[in-house]
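Structure first, then comments.
Listed below in structure tokens is the structure:
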């Protein structure tokens with residue numbers, strides 16, 4: 001059956017430059033980078049920004065949120081589903097793939113308004129030109145679904161052969177993860193899938209191909225299941241394919257495979273068009289609350305939207321109790337694990353723009369208590385020691401050997417898992433902050449208070465005191481700056497620990513005042529009678545790093561006595577380009593050169609602790625010593641710079657953090673481990689820098705206030721934000737800001 | 001003036017095989033090794049066992065005890081004095097040196113009874129044979145002095161040219177240390193010296209050459225000051241030189257240079273012969289109290305004496321307040337620094353055989369309080385943190401970068417200085433033990449009690465406690481096994497800390513009971529009212545590692561969970577032969593393979609804590625996991641094996657520890673740093689293994705008891721020992737031991 005009315009204009013990308021990421025011309029070396037840059041995602045899954053003819057070699061992947069598998073002794077990582085959009089066009093036996101075939105033109109576009117991936121490539125073949133256009137989206141309205149339209153146009157009648165279907169060759173780093181794989185066909189719908197080796201979770205991709213013409217033959221080969229279409233395409237009548245596909249993981253018990261297949265079987269071009277509209281409406285609603293409009297350079301507007309979209313697309317589905325991995329849904333690097341990135345860099349965005357998402361981010365950490373408590377026991381502590389790399393139920397996926405020595409090719413013992421104790425506080429404080437921001441007691445009573453108290457309990461058990469001194473210390477830790485391992489009294493860590501214990505005391509006090517029943521329950525269950533005095537005592541005895549005569553706060557005990565070599569000097573000592581800067585003997589380890597914001601991270605988190613003189617002194621001291629070797633660094637330096645009114649460097653950092661996934665120039669290697677992918681923390685940092693920095697949005701006495709520090713390049717900012725039960729609009733100019741209730745107003749793209 | 005009666009038979013070595021170390025034939029590659037093996041010393045200085053024609057290239061050296069200098073930024077090291085025994089013989093212009101010239105015979109001998117170094121080499125030159133015989137000793141009766149006789153014999157009359165005198169080219173690792181050097185001659189005596197760059201300490205060598213014939217001409221060349229002797233030597237009348245020399249360092253204010261020169265000028269062959277007799281008598285008196293006679297293999301008897309002599313020769317001079325460096329007086333390696341080797345391995349020998357020496361060993365550590373207190377403050381503690389590598393006044397010479405990475409050639413940050421906190425306790429407990437052994441209250445009141453209390457104070461300040469746990473921990477330390485850095489609760493360290501605090505409490509209690517005046521003084525001065533309760537509390541709260549179900553005591557928290565790879569497996573992972581096994585990423589670091597006795601060191605120090613089942617379980621667990629990569633290891637494994645009655649392995653370890661400097665097969669490299677030299681700790685360990693192990697000598701209720709475990713190869717042992725004011729003789733057979741008072745008896749060599 002063919003669909004004569006299929007014209008392939010269903011998901012055409014927007015022409016509005018403000019809403020487009022685009023690249024023209026084809027660079028072979030950019031294929032993997034563009035897989036990140038042009039990612040599309042819908043919270044359920046991510047589809048890397050590869051071309052339809054790409055496969056495992058080009059890191060094409062349908063990356064699933066929250067599905068993990070460990071094969072053998074390699075590290076656990078998220079599972080990729082079989083890719084249903086693998087389409088290869090041949091002319092005279094030659095594959096039309098710009099990696100193999102001459103082209104005359106190529107463009108790749110991300111339509112940010114509709115989250116549509118578009119590519120258009122014109123191949124010079126024989127004595128004619130063949131143009132392939134493909135547009136795809138992952139359905140926001142119906143997240144297991146995705147759609148592709150694929151059009152072949154010719155300048156002269158040409159015999160075309162297309163193979164389309166599900167690629168059985170799944171890209172995996174530590175795979176294969178799907179075993180006992182099978183393909184099948186049932187009428188128009190075909191499928192391919194298997195189950196994960198570790199948890200026997202069924203992962204299946206279903207697909208249906210609609211075409212407007214041609215001789216179609218079903219295929220089921222070792223590498224692909226789908227269809228071939230042979231046709232002589234004429235200039236007047238392009239070949240159009242429309243592929244509707246769905247993925248299921250066996251978690252969705254309310255959507256069995258048969259139901260998904262029925263839905264796919266029922267689609268027509270018209271109903272797919274309607275589905276696209278629903279997708280766009282869903283996305284528009286997100287943009288409505290999330291967009292930031294600026295008057296300023298178009299590239300800034302585009303970059304800002306790019307980063308906002310990056311967050312919107314990977315937000316966990318409502319009710320999923322999932323969170324956001326450090327590399328989003330861009331693949332298997334970083335083990336698909338959730339880091340503190342979510343809490344420190346992304347949660348503020350969601351609190352302000354999509355507060356419902358925060359409930360899932362929090363729920364993920366509540367479930368994570370299981371793993372965090374186990375981890376604490378494993379290391380000899382009590383309470384909750386949250387994972388550096390969190391997978392299901394808070395399981396810490398971190399290896400004890402996270403870096404490979406480039407000189408010996410041996411794994412290096414690293415301490416990210418054992419010693420980054422600040423994660424617990426990052427989690428607890430994000431929950432406490434969410435409770436305060438949303439004013440929703442359920443956040444506390446549905447598990448949030450327990451997380452906060454258990455994290456505080458962990459710090460009490462980790463803290464040590466000398467018998468001859470009043471203060472307690474947090475010894476042998478790693479702070480945000482990972483180049484310096486096993487340090488004592490990291491400024492950020494100690495401050496986070498103190499705040500966590502204070503939050504625990506405040507949470508318990510709040511519950512006692514407002515929820516007698518729950519309070520009575522937890523008093524017994526958590527042994528608060530013993531615990532609270534320990535909290536009070538520990539909080540009183542924690543030693544914070546304090547500014548020296550020059551106002552500088554030591555990053556940890558002894559940091560300021562380390563060699564004060566410049567970054568260039570330190571870099572010049574590298575013997576190999578991929579050498580690890582940190583660890584016991586790295587070029588930075590015994591110097592003051594740091595990887596990323598650390599004291600400045602503390603300033604960002606606890607700005608009210610410090611006078612602006614101290615803040616400035618530390619920004620000025622640490623910035624020249626910071627390699628910005630993490631995507632978490634630029635935004636915090638930019639944020640603090642903006643808050644200090646140093647708008648020129650702040651703007652510079654804005655451009656850097658906003659461009660990380662656009663340029664793809666971020667660090668791709670740690671030792672010999674590939675760590676590429678998208679950087680949602682940089683996206684969240686971009687938003688924080690714009691909203692908290694340039695617009696200066698903050699809370700004073702439970703009131704939203706904006707004290708703007710706009711860069712000279714920007715004349716205006718307008719955005720919406722949620723706070724304590726109300727929507728506000730914020731309009732910012734150089735002259736000042738207006739924050740006004742906007743519960744019944746509309747702003748943004750759909751004004 | 002010539003001395004016709006000079007015949008060169010003054011210091012002829014003993015023919016008794018039991019008292020000789022000898023080597024026949026010449027191996028060029030053994031020259032440096034033999035510099036250690038054939039060392040002679042007299043407490044004031046050491047003379048490496050090189051040949052007279054050797055110079056800096058062959059590491060010839062007169063190594064001074066307790067004189068240090070730092071040049072530039074290289075590490076401080078002991079100073080070598082100009083060598084007065086540099087003698088080169090030429091025939092027809094050719095230098096007679098086995099490295100350059102054919103020989104027909106060569107022998108090198110250490111006469112252990114007289115501590116005389118003998119060499120005899122026959123050179124094939126032209127159509128005749130020329131034999132050089134040289135005997136030298138460092139005067140035990142007059143420690144600044146040394147004497148050499150040098151005889152040239154021929155088969156046919158031969159024209160001989162000899163250059164003798166002080167070698168101005170001093171071998172230094174990080175030198176030159178002597179600046180503004182000058183040579184001079186005053187009548188028959190000539191000299192050469194300069195002053196140290198750092199402390200302006202004058203170091204001078206004076207010499208006088210007596211000859212029996214020939215045409216003598218004074219020389220003063222850039223490389224040497226002395227004399228040339230030209231003569232036709234006949235078979236009937238060998239050429240004989242007798243060189244009397246003295247060294248002064250400007251510390252000996254009672255022996256100015258002029259007085260030394262007068263003494264040298266006054267010498268005749270006869271008075272030198274008399275001085276040799278005095279030297280031998282002094283040495284015989286030492287042997288009288290120190291020798292161990294065995295009935296058993298001659299090689300064991302020789303090896304035992306060799307190790308005893310090694311200790312006797314390097315014992316500090318009475319009143320010098322010096323101690324014994326880890327490489328004795330064999331050169332500049334290990335910075336000439338004093339390690340815990342002295343306290344744990346050598347002090348027991350001196351307590352038993354030469355108790356007066358112990359007063360200087362203790363006095364050295366009393367002076368070291370200055371440095372130990374400074375070091376504690378530097379690292380943020382109170383009390384006394386004794387140096388890992390101690391030079392004058394307890395100054396810690398340890399570099400923060402003690403090993404060079406063989407892959408990158410970069411210095412590696414090591415923690416021997418910062419984290420080996422057990423040294424303080426090793427020092428304190430040795431002093432406490434000396435007080436108990438000698439029953440001499442002056443050891444406490446002349447500074448010993450202060451050292452013990454300050455070391456205990458240090459541990460109290462280092463100990464940390466969690467607020468939710470009763471026990472205190474010693475975190476982030478290095479134990480005896482240096483391959484595992486920055487560990488928590490090292491079993492040995494925690495036990496030493498506890499014993500130190502208990503010794504401090506016992507010392508204070510003893511003084512209160514026996515010395516009211518001193519007690520009153522220190523109560524105020526040391527703030528004992530505040531301190532003693534802290535001592536009591538800390539001692540009660542220290543957590544010791546306890547045996548697991550299998551009886552095994554974990555070397556530190558988490559040790560038993562490390563990879564249980566075999567030593568061979570670990571060794572097979574080496575990529576380069578000189579690679580460091582320890583540090584953060586060494587092949588042993590994340591395994592249970594250890595460098596040296598650690599838990600077994602604890603067993604040796606606190607044997608009474610444990611049942612023999614536990615001792616055996618730990619010996620059997622740790623021995624196969626011990627690389628014995630330190631000269632401190634064999635003896636302790638042997639000692640415990642003997643005490644367990646496992647005499648076969650004990651005997652095996654005896655042979656290994658006793659042979660370390662005889663075979664020269666000990667580790668010569670740490671990374672790329674040369675660490676060769678003699679191993680007095682292995683010598684002390686040999687003695688401990690023989691006396692405390694095989695003879696089973698120990699104290700029970702203030703009584704000396706011997707419960708022997710003789711190896712099957714030995715039938716008898718006889719030795720003397722001092723204990724609490726009395727001399728005892730101990731006679732051991734397989735049937736049992738007799739310990740009897742022997743204050744008026746004589747045993748040993750001069751029976």
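Chains as they are written, first to last, in this note's numbering: chain Y, 1 to 751; chain Z, 1 to 751. From the three backbone atoms N, C-alpha and C, an ideal C-beta is built for every residue, glycine too.
Within its own chain, the residues whose Cβ lies closer than 7 Å to the Cβ of residue 541 of chain Y, once the five positions on either side in sequence are excluded, are 465, 470, 471 and 472, listed in chain order. In terms of CA proximity to residue 642 of chain Y, Y:612 leads the group Y:377, Y:612 and Y:280. Within the same chain, Cβ atoms closer than 6 Å to the Cβ of residue 56 of chain Y are found at 169 and 171, the five residues on either side in sequence being excluded.
The straight-line gap separating the alpha-carbon atoms of residue 725 of chain Y and residue 689 of chain Y is approximately 24 Å.
Here the stretch 90-109 of chain Y lies against the stretch 24-43 of chain Y, with 3 or more beta-carbon pairs under 8 Å apart. With a threshold of 8 Å between beta carbons, residue 399 of chain Z makes no contact with chain Y. Nearest CB-CB separation between residue 481 of chain Z and chain Y: not below the 8 Å threshold. With contacts defined as CB atoms closer than 8 Å, residue 596 of chain Y and residue 630 of chain Y qualify as a contacting pair.
Beta-bridge pairing by DSSP links residue 123 of chain Z to Z:103 and Z:130.
Excluding sequence positions up to five before and after residue 575 of chain Y, its CB lies within less than 8 Å of the CB of 407, all in the same chain and listed in chain order. Residues of chain Y with a Cβ closer than 8 Å to the Cβ of residue 472 of chain Z are, in chain order, 467. Here residue 136 of chain Y is buried: its Cβ has 16 or more other Cβ atoms, across all protein chains shown, within 10 Å. Taking 8 Å as the threshold, the shortest C-beta distance from residue 560 of chain Z to chain Y does not fall below it. One Cα belongs to residue 657 of chain Y, the other to residue 685 of chain Y, and the distance between them is close to 7 Å. Secondary-structure assignment with DSSP links residue 150 of chain Z through a beta bridge to Z:134 and Z:241.
In the three-state reduction of the DSSP assignment, residue 28 of chain Y falls in the helix class.
In terms of beta-carbon proximity, residue 498 of chain Y stays away from the interface with chain Z, with every pair separated by 8 Å or more. Residue 185 of chain Y: member of the beta strand (DSSP E) spanning 178-186, first to last residue. By the Cβ neighbour-count rule, residue 155 of chain Z is exposed, with fewer than 16 other Cβ atoms within 10 Å of its own. Distance from the CA of residue 550 of chain Z to the CA of residue 175 of chain Y, rounded to the nearest whole angstrom, comes to 40 Å. Beta-bridge analysis with DSSP links residue 716 of chain Z to Z:295 and Z:733. Neighbours of residue 589 of chain Z in chain Y, taken as residues whose beta carbon is under 8 Å from its own, are 413 in chain order.
For residue 3 of chain Y, the CB contacts under 6 Å within the same chain, skipping 5 residues up- and downstream, are 210, 212 and 269 in chain order.
For residue 494 of chain Z, the enclosing alpha helix (DSSP H) starts and ends at 491-514.
Taken through DSSP and simplified to helix, strand or coil, residue 625 of chain Y comes out as helix. Take the alpha-carbon of residue 297 of chain Z and the one of residue 716 of chain Z: they are about 11 Å apart.
With contacts defined as CB atoms closer than 8 Å, residue 711 of chain Y and residue 647 of chain Y qualify as a contacting pair. Residues 300, 301, 304, 714, 716 and 717 of the same chain have their beta carbon placed closer than 7 Å to that of residue 294 of chain Z, with the five preceding and five following residues left out of the count.
Here residue 276 of chain Y carries a helix assignment [DSSP, helix/strand/coil]. Per the coordinates, the alpha-carbon of residue 151 of chain Z lies some 33 Å from the alpha-carbon of residue 250 of chain Z.
At a cut-off of 8 Å between C-beta atoms, residue 486 of chain Y counts as an interface residue with respect to chain Z.
Considering only beta carbons, the part of the stretch 583-612 of chain Z lying closer than 9 Å to chain Y consists of 583, 584, 585, 587, 589 and 590, in chain order. For residue 721 of chain Y, the three-state secondary structure derived from DSSP is strand.
Using a C-beta cut-off of 8 Å, the stretch 98-105 of chain Y makes no contact with the stretch 187-205 of chain Y, since fewer than three inter-stretch Cβ pairs fall below that distance. In terms of Cα proximity to residue 158 of chain Z, the closest of Z:568, Z:235 and Z:51 is Z:235.
For residue 64 of chain Y, no Cβ of chain Z is located within less than 8 Å of the residue's own Cβ.
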